[in-house]
Each structure stands twice: as C-alpha cells, then as structure tokens.
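Using my numbering, the letters of the sequence shown correspond one by one to residues 166 to 675.
Glycine included, each C-beta is placed from N, C-alpha and C at the ideal position.
See structure below.
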Amino acid sequence: MALHSRNAAARITQSKLRDMNGMTGNNNTLDILIRNGSIIDGSGLARWQGDIGIRDGKIAAMGPSLSSRFHAASLIDATDRIVSPGFIDTHGHDDLMFVERPDMLWKTSQGVTSVVVGNCGISAAPRPLPGNTAEALALLGDSPLFPSFQAYFDQVARLQPMINVAVLVGHANLRLSAMRDPHAPIPTQEEQHHMEALLADALKDGAIGMSTGLAYAPGSVAQTDELLGLAAVLAEHGAVHTSHIRNEGDDVEAAVEEVLHIGRRARCSTVLSHHKCLMPGNWGRSARTLKNIDDSRRAGLSVALDVYPYNASSTILIPERAEKIDDIKITWSTPHPDQAGAYLSDIARHWQCSKAEAAQRLSPAGAIYFAMDEAEVQRILAHPCCMVGSDGLPNDANPHPRLWGSFTRILGRYVRECRLLTLEAAIAKMTSLPARTFGLTGRGILAPGAQADIVVFDADTVADRANWEEPTLKSVGIEHVFINGMPAYPSTPAARPGHILKPQRRQAHA
C-alpha cells in the first residue's frame, strides 16, 4: 500500500461525515460521549464541530447533537477543545518498559496512545547467543531479553500494556543470535539464512518489520548484500524496514542513498529514522537528502521518515565524538552514575584530562549531543512524508526532554508559535501518516468503526515543559486521553487498556 494514498476516511466529504451514525444498528447506548468538540480527524481535512460516541472500544458514532439520539454512561464536555486521534510515536525505545514500568506516563501525558518499538537495530528479542553482546543494547535497560517475539508478546500481554505497542525486529539482535562472530563484516551463508529465518519467524509472530542501526556495532560492519537479503524477507511479508542510517554527519547523503537503494532493490517499504544532519559543516544538506527521498517516491518506493522536534540528539556516549562536539551532556554512566546531568567538558576539567579520555572513563554511558540546526529540523519536519518519533530513552537517569515532550512541543512550538504547520497537518503527521506507514489498521483516524484512541486538548495552552534542566516535567494542555475506548489519562485506569498491534499484512510489491 502506498504511504501517501488517501485514507478511506479522508475521502469522505465533511457533510457526510457529520451525518454518520453508529455502526451497530439501533443500539442507542454509548459508553462515552465526547460532546461539542472541534474535531480534527487525522486525515488532514479541516476541523468541524461535533460529537463522538464510543462503545466497546471503538468509535460508534460521529456527528452533531448525538446526545439527542444516544444515552451515554459518561459525558466529556469538549467545548473549545480539539478532539483528535491519539498520537502514534513512530520511534520509541520502550521495549522493556512494557515489562518493567508499564504505566507509560511519559507517553500518555503528551497524548501518545501507540508506539513503535524495536528501533535502531535493537529489540527485546531474539536473545543473543551466549557471549555475544553489543553496547547499543544498553539503551533498552538491564532486564533480560526474550528468546523469541512470541515469548515477548506473551509477557507484554500478561502484564497488559498501558498504550498500544507495535514491534520491529532489531537487526543487531539477528546478528547476535545467528552469528558466531556478530562483529564479522560478512556472515557465512548458513548464518545469513539463519538471520532470514529468524526474521521470518518474528514477522509471523506479529512483528511489523525490521530496524537497522547501521551507526552501531554490530550493524555498522554489515554489508549492503546482507541487508538486501533481509529486506527481501520484509518485502515478501509486506513489512517495513526502518533505519538509523550509517552516518548522519559528513557522509549523510551516501548513508541515505544506501537505505533508499536497499528499498528500491528489494521493493521494501522504508522509513529513515530521526533524520538529521549533524555538525555545522553539514547543516543544510537535508535539502539534498530530502530531494533524494522525493525522487525515490516518484520512482515508486514507499518511503517515509521521522524526526524529533529538538536541535540536539541523544544516544550512547561515543568517545570519538568527544573532541568534535563542544556541548555533550551525560545522561547516564555505569561506572560513574553521579555524573548524570553533567557536561563532558566540565567532567574533563574536574578530572584534569581530555574530553576523549573522560568519555572513555565514563563508558558505558549515554549522552546528549548539541550539534543540530533548528532551521534544518524545521525543513525536515515540514516535509510531507515526515512523521514524529520521540526517540525517547526511558532508562536514562537524566533523559533528553524529547521523552516527555515531543508531541506537545509540535503542537505548542511548531503549530501555535512558529506557524510552521497547520494544526490539521501536524495531527496528520502524528496519526494517519504513521498508521498507514506501519499498517496499523483502525488507528490514526477518527471515523465510525475505528479504534477509540482519542486525545482531547486545549490548542491555546498545550505545550511541552520538559527541558534540559528538568527533562521529566509533564506537558500541559492534554486534558483527556482514551485508549481503545478506555480513559487512560489523567486518571489511571483500573485495567491498562493497551493492545499489541499486529498489522494486517500489506501485499509485497509486484
């Protein structure tokens, strides 16, 4: 399915949409009635005033004055408020949080009702062979990984997720599980076949695709032919390839082309993760990377990208970057946990050593890198196939504020203050576009029969509050969040309402 074909609900004229009734015959009872809201349905069409009725976890009716035709057990007054689909975080690292801290307040408090995890080549399954490891796995936390995706899904279902979760297979996990030496550049033929079989099994279990983390070991040594073989499996299953590309600095254009080339050759739907151009000497190069994306789309490749709305990145501490980037803030450190929140330059000064040596002594660790350009962030965000992915790291002791604030920052800063996007366009980027991209049927749109993932917010006040000094402050302006028809925020539900999202498979490209 093409990423940018109109959703069926988007083709419905607004006059027809206002007249839609429930989907269950003469049943005039509702669980919840959201009344008199300014409805932005996620399609990109203009808002309209009306009501939404929820029954049995789905939207049962939409239209004006539903209270005259339906009786509701619970009434929400949305006068002077926006009612939209719940936001879909396209890039999360919450894989093990569904096991460790399933409350997910950092998601629900900013209106997120679904998340795609398993990004950057790392996922909760499959478990590496004994003795195989990769530093990037530390981004997920310390809990044990799972032997298979079925085992992971079973555990998440048993604990019941707060929000909906869709899962990618990490390419690093495949290497760590199938290769005797996962850091060897070329797998044996047997190892390649084993990786492809593990990927196929994960997709059959319900994974929505595979992610690569080509900037991290062991993915950084993988050759294009290996990735083409895995992408062919994805294409066969109608699944998606997302990629943290090999280089986001001096070689960013070649790195983008590599992933697009894989997509074109394998006819595999492709997503470029957290697109950026690092370091001042590379600022502005997104004009060329975005042109390459546009050219690939015109040539028939199903491709999208995502971005987080900040001009600083965050990942593991990379000592090679220490002398290249002036401002590096430590988010966690295993040998020196007391340094979380400090800047690398201050630590080096205190320890009377170079920044590179300080980085080595702090590792394994995480860091925030201030090396992005605000104008470039805006150019990428405004691109028509760009979605929003927080890339939040919930295990960090002092996290990047994107964990708690990405989606409300879009609404407050880039819609209301900067006027970069209309509210309708911004909501489409956070709802229907990711739902189409990842094949999340019934999500990302407000329409009768769709799942009742809904956010009610105040467009005049919604804003992020998380910042570099206090990165875990909750957003303001999000008033109600419903997930599968159940209230999820600000009240805490008696039973967590999230689902594991296993997509209806799209047909492979002809």
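Pairing Thr273 with Val646 gives a Cβ-Cβ distance under 8 angstroms.
With a contact defined as Cβ atoms closer than 8 angstroms, Thr573 and Ala532 miss out at about 24 angstroms.
Distance from the CA of His565 to the CA of Leu558, rounded to the nearest whole angstrom, comes to 7 angstroms. Look at the region 511-571 and you find these whole runs of alpha helix (DSSP H), each 4 residues long or longer: 520-527, 539-547. Contact annotation: Ser571 and Pro474 have beta-carbon atoms nearer than 8 angstroms. Here Gln275 is buried. Its C-beta has 16 or more other C-beta atoms within 10 Å. Apart from sequence neighbours up to five positions away, the residues of its chain that approach Ala593 with a beta-carbon distance below 7 angstroms are Gly207, Ser208, Gly209, ordered along the chain.
Going by DSSP, Val580 is part of no alpha helix (DSSP H) at all; its letter is neither H nor E. Exposed is the label assigned to Glu539, since fewer than 16 other Cβ atoms lie within 10 Å of its Cβ. Taking 8 angstroms as the cut-off, the Cβ atoms of Ile328 and Ile575 do not count as close.
In this chain, the beta strand (DSSP E) harbouring Val436 covers 434-437. Ala238 has its alpha-carbon roughly 43 angstroms from the corresponding atom of Glu634. For Arg345, the number of other beta carbons within 10 angstroms of its own is below 16, and it is reported as exposed.
Within the region 356-406, the runs of beta strand (DSSP E) that reach at least 3 residues and sit entirely inside it are, in chain order, 374-378.
Separation of Arg220 and His258 (C-alpha to C-alpha, rounded to the nearest whole angstrom) is 32 angstroms. Ala387 is positioned such that its CB atom lies closer than 8 angstroms to that of Leu379. Under the three-state reduction of DSSP output, Thr657 falls in the coil class, being neither helix nor strand. Counting only residues of its own chain and dropping the five nearest sequence neighbours on each side, Ala590 has a CB closer than 8 angstroms to the CB of Gly209. By alpha-carbon distance to Tyr508, the top candidate from Pro500, Tyr534, Gln214, Thr499 is Tyr534. As the crow flies, the alpha-carbon of Gly335 is around 21 angstroms from that of Arg430.
Residue pairing by DSSP places Ser479 opposite Ile533 in a beta bridge. Close CB contacts of Gln504 within its chain, under the 7 angstroms cut and outside five residues either way in sequence, are with Ile495, Ser498, Ile512, Leu527 (chain order).
Of the other Cβ atoms in all chains shown, fewer than 16 fall within 10 Å of the Cβ of Lys456; this residue is therefore exposed. His440 places its beta carbon less than 8 angstroms from that of Ile545. In this model, Ala226 and Ala612 are separated by some 8 angstroms (Cα to Cα).
For Trp271, the enclosing alpha helix (DSSP H) stretches over residues 270-273.
Boundaries of the beta strand (DSSP E) around Ile253: 252-254. As the crow flies, the alpha-carbon of Gly222 is around 8 angstroms from that of Asp618.
Non-local beta-carbon contacts of Pro658 in its own chain, meaning distances under 7 angstroms to residues more than five positions away in sequence, involve Met651, Pro652 in chain order. The region 303-315 makes no contact with the region 484-491: fewer than 3 CB pairs, one atom from each, lie closer than 8 angstroms. Just so you know, the alpha carbons of Arg340 and Ala396 end up roughly 14 angstroms apart.
Separation of the CB atoms of Thr278 and Phe252 is rounded to 6 angstroms, and the pair is thereby assigned contact status at 8 angstroms.
Annotated three-state conformation of Lys594 is helix, per DSSP.
Bounds of any beta strand (DSSP E) do not take in Ala615, whose DSSP letter is neither H nor E. Excluding the 5 residues flanking it on each side, Gly218 has same chain C-beta neighbours closer than 6 angstroms at Leu195, Leu198, Ala225, Ala226, Leu231, Phe235, in chain order. Nearest to Gly604 by C-alpha distance, out of Pro529, Asp460, Ile643, Thr435, is Thr435.
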